[in-house]
Amino acid sequence: MSDIEGGCACGAIRFKIAGPLAGVGVCHCRACQYATGGPPNYVALAMKPSFTVTRGEPRIHMSKADSGNEVGRAFCAECGTPLYTVTADPTPFYPVKLGALDDPSGYVEVLRSDPKLRRLALDHGWRFYSSGCWGSSKGDTQQRRNPVFHSIVLG
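Take any residue in the sequence shown, count from 1 to its spot, add 29: that is its number in the working numbering.
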């Protein structure tokens, strides 16, 4: 597999994903709506060891996700392009905005059906709700009423 590259609109920030993606997903939570300017938020799940910022230094805005966990929203301070989310441990990946990839074509939502992701989720104690929502034990009631992908962020 060749590297996946991306960055911001002005070119000040560049990044590389040097390994296979864990998957692609969609988040509909309110925090992601603020970060992207509207629902939904399409992301590629880049395993943390394979993700590298190769140029510039993104600005990180810390906020609370719908799950109640702290997350960082990485963006370019020059042009404002949203880039990726800094997730809490033990989440093994960064959700990288599909719009920040150089070539976002060909990525589809596989999160709800990929058996490897289901196994990864079970191994980390996450649950997959019949509504299509990943989640931890935090905020389960809210997540069932308003199922969102972003509930996978643990902290």
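The beta carbon of each residue, even a glycine, is placed where N, CA and C say it ideally should be.
request  = Using only alpha-carbon positions, find the residue among 45, 132, 81, 125 that is nearest to residue 65.
outcome  = The count along the sequence shown starts at 1 and reaches residue 65 at position 36. Here the closest residue by C-alpha is 125.
query = Looking at C-alpha atoms only, which residue of 52, 97, 98, 87 is the closest neighbour of residue 42?
reply = Numbered from its first residue, the sequence shown carries residue 42 at position 13. Comparing alpha-carbon positions, the option among 52, 97, 98, 87 lying closest to residue 42 turns out to be 87.
inquiry  = For a test of the three-state rule: what should DSSP assign to residue 110, helix, strand or coil?
reply    = Position 81 of the sequence shown, counting from 1, holds the residue named residue 110. DSSP places residue 110 in coil when its eight states are reduced to three.
ask   = Which partner residues does residue 56 have in the DSSP bridge list?
value = Start at 1 with the first residue of the sequence shown, and residue 56 comes out as number 27. Looking at the DSSP assignment, residue 56 forms a beta bridge with 70.
key: Where residue 41 sits in the DSSP three-state scheme   = Your numbering for residue 41 matches position 12 in the sequence shown. The answer is coil: DSSP assigns residue 41 none of H, G, I, E or B.
query = If residue 57 sits next to residue 49, beta carbons under 8 angstroms apart, how far is it from one beta carbon to the other, in whole angstroms?
reply = Residue 57 sits at position 28 when you count from the first residue of the sequence shown. Residue 49 sits at position 20 when you count from the first residue of the sequence shown. Taking 8 angstroms as the upper bound for CB-CB distance, residue 57 and residue 49 are not in contact here, some 25 angstroms apart.
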